[in-house]
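What follows is a single structure, written as structure tokens, with notes after it.
Number of protein chains: 2
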Amino acid sequence: VLVSFRGGDVGRWRVERIATVTGAPLPPAARIAMIEGVAPDLETEEGAWTLRGAISEDRYVTARERTMLSTLQPPLGRSTATAAALIPITKSAEWWSLPQDARRAIFEERSHHIARSLAYLPRIARRLHHGRDLGEQFDFLTWFEFAPADASAFDELVGMLRATEEWRYVEREVEIRMLLAEFN
Amino acid sequence: VLVSFRGGDVGRWRVERIATVTGAPLPPAARIAMIEGVAPDLETEEGAWTLRGAISEDRYVTARERTMLSTLQPPLGRSTATAAALIPITKSAEWWSLPQDARRAIFEERSHHIARSLAYLPRIARRLHHGRDLGEQFDFLTWFEFAPADASAFDELVGMLRATEEWRYVEREVEIRMLLAEFN
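So the protein sequences, as listed, match chains Y and B.
Position 183, counted from 1, in the first sequence is what this note's numbering calls 199; the numbers after and before it change by one each time, with no gaps.
Position 63, counted from 1, in the second sequence is what this note's numbering calls 79; the numbers after and before it change by one each time, with no gaps.
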């Protein structure tokens, strides 16, 4: 399933801030619209931009980890989750040249990406979208939803991930923070 | 890198036969053209079709296996490799719902996909293209090149793979066999 994230003047999510963490920035936008499935070929307003990714199979999660995740992971769209974040990242050519077992070892055995994220469930809902095979500018688009009261827990989670060995391979990262427009 | 395989009346590869192994067939074609990079938006001739896939990171190959493969694997484009095959396959929803470690175990520990393929190197050159995240009708397009004298070794290789546990998850498969037009 293809998902498009469109930055511009329309969309349910009102942008609070767009922070450039590493590498080139994204243009500003007042709103973000998430469009699931093939996006309609809308008249594009001046300055709008679209990031795309596919919901795809997990590349690193084991059966045991999936069992833990599926127990704790909340769905998107909870009525209390009126805050959101979109974090587009691109990893380096060095990362992509590593074999599967080396990538897995950095991701989990050394960076504990899954194990350390579990502590933030079920507060933070998450969905990953893969853009690399689509020729997109970002390899991954991760979408998060949480209650505004859990924003500091979200900050802690992304801060923890950015300090890992895995993140040494991130050569571009932008963080878009939003609030649901109808409630804020 | 996006690669397009176009079936129609033009292209360097003359089709010998298109065999439907499992599931729905592909329309007939006299020639196959392989186009690397973004395909030009050509006037499409009547009845032509295009399959697309991305050259992407390996999903199952370990560091140890990659070392063996890189020693033995020949490049595409050898002057002696005037025979080719394109095998588009789609795996079932059950396959894609398996966690990474379960897919890896079926692929290599139980089906020996890599270990048993090594015996056919360097005779048979191979390149894998991923279509699933692109929303293509086939999950994988595997392109093979070999000398016509090695065609029976190629038949043995694909026959061996089709007898594995991994192949129980293949719900669509087509085999296109070709010869380089300028030499045949």
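Glycine is no exception: its CB is placed at the ideal position from the N, C-alpha and C atoms.
Closest residue to residue i among the options (Cα-Cα distance)
i, options, result
"Y/Asp155", "Y/Ala97, Y/Ala40, Y/Arg188 and Y/Pro90", "Y/Arg188"
"Y/Ser127", "Y/Arg178, Y/Trp111, Y/Ala45 and Y/Phe170", "Y/Arg178"
"B/Arg142", "B/Ile51, B/Leu18 and B/Leu157", "B/Leu157"
"Y/Leu67", "Y/Ile48, Y/Asp74 and Y/Thr83", "Y/Ile48"
"B/Thr83", "B/Thr60, B/Ile130, B/Ala97 and B/Leu102", "B/Ile130"
"B/Ala99", "B/Phe162, B/Val186, B/Thr180 and B/Leu18", "B/Phe162"
"Y/Phe170", "Y/Glu182, Y/Ala97, Y/Arg22 and Y/Gly23", "Y/Ala97"
"B/His145", "B/Ile51, B/Phe123 and B/Arg139", "B/Ile51"
"B/Tyr136", "B/Leu114, B/Asp166, B/Phe123 and B/Gln153", "B/Asp166"
"B/Asp25", "B/Leu196, B/Arg184 and B/Ala45", "B/Ala45"
"Y/Thr180", "Y/Thr87, Y/Leu196 and Y/Ser133", "Y/Ser133"
"B/Phe123", "B/Pro43, B/Trp183 and B/Glu191", "B/Trp183"
"Y/Val186", "Y/Trp112, Y/Leu173, Y/Trp159 and Y/Leu196", "Y/Trp112"
"B/Pro90", "B/Trp65, B/Glu61, B/Leu18 and B/Trp159", "B/Trp159"
"Y/Ala64", "Y/Ser95, Y/Arg94, Y/Pro43 and Y/Ser168", "Y/Pro43"
"B/Arg19", "B/Ser72, B/Arg30, B/Glu125 and B/Val31", "Inspection of the sequence shows that residue 19 of chain B is occupied by Val rather than by Arg. Nearest C-alpha to B/Val19: B/Ser72."
"B/Tyr76", "B/Ser168, B/Gln153, B/Leu196 and B/Glu125", "B/Glu125"
"B/Arg94", "B/Pro164, B/Ala79 and B/Ser168", "B/Pro164"
"Y/Leu173", "Y/Ile103, Y/Thr78 and Y/Asp74", "Y/Ile103"
"B/Gln153", "B/Val31, B/Arg30 and B/Gly39", "B/Gly39"
Neighbour-count burial assignment, residue i, 16 or more Cβ in a 10 Å radius
i, result
"Y/Gly175", "exposed"
"B/Glu198", "exposed"
"B/Leu5", "Any property of residue 5 of chain B remains undetermined from this structure, which presents chain B solely from 17 to 200."
"Y/Arg193", "buried"
"Y/Gly23", "buried"
"B/Gly27", "buried"
"Y/Ile140", "buried"
"Y/Ala70", "buried"
"Y/Pro138", "exposed"
"B/Ala101", "buried"
"Y/Glu41", "First, the amino acid is wrong: residue 41 of chain Y is Pro here, not Glu. Exposed."
"B/Pro115", "buried"
"Y/Glu81", "buried"
"B/Val54", "exposed"
"Y/Glu61", "exposed"
"Y/Val190", "buried"
"B/Val17", "exposed"
Any non-hydrogen atom of the ligand MN within 7 Å of residue i CB
i, result
"B/Asp117", "By its list of ligands, the structure shown contains no ligand whatsoever, and the ligand MN lies outside what it can speak to."
Q. Which ranges does the alpha helix (DSSP H) cover as unbroken runs of at least 4 residues, wholly within the stretch 59 to 144 of chain Y, from first to last along the chain?
A. 79 to 88, 109 to 113, 116 to 120 and 129 to 133
Q: Take every Cβ of the stretch 113 to 128 of chain Y, pair it with every Cβ of the stretch 141 to 158 of chain Y, and state whether three or more of those distances are shorter than 8 Å.
A: no
Q) Which residues, in order along the stretch 57 to 73 of chain Y, keep a beta-carbon less than 7 Å from a beta-carbon of chain B? A) Ala70, Ser72 and Glu73
Q: Could you tell me which uninterrupted alpha helix (DSSP H) segments, each at least 4 residues in length, are contained entirely in the stretch 156 to 180 of chain B, listed from first to last along the chain?
A: Fully enclosed alpha helix (DSSP H) runs of 4 or longer: 167 to 178.
Q: Please name the residues in the stretch 134 to 159 of chain B whose beta-carbon is closer than 9 Å to at least one beta-carbon of chain Y, in chain order.
A: His146, Gly147, Arg148, Asp149, Leu150 and Gly151
Q. Are there three or more Cβ pairs, one per stretch, closer than 8 Å when the stretch 103 to 111 of chain B is compared with the stretch 25 to 35 of chain B?
A. no
Q.
Taking beta-carbon pairs under 7 Å, can you tell me which members of the stretch 71 to 104 of chain B lie near chain Y?
A. Ser72, Glu73, Asp74, Arg75, Tyr76, Val77, Thr78, Ala79 and Arg82
Q. Listed from N- to C-terminal order along the chain, which residues in the stretch 106 to 126 of chain B have their beta-carbon within a distance smaller than 7 Å of any beta-carbon of chain Y?
A. Correct list: Trp112, Pro115, Gln116, Asp117 and Ala118.
Q: Please list the residues of the stretch 172 to 190 of chain B that have a C-beta atom closer than 7 Å to any C-beta atom in chain Y, keeping them in chain order.
A: none
Q.
At a CB distance below 7 Å, what residues from the stretch 18 to 49 of chain Y approach chain B? Give them in sequence order.
A. Leu18
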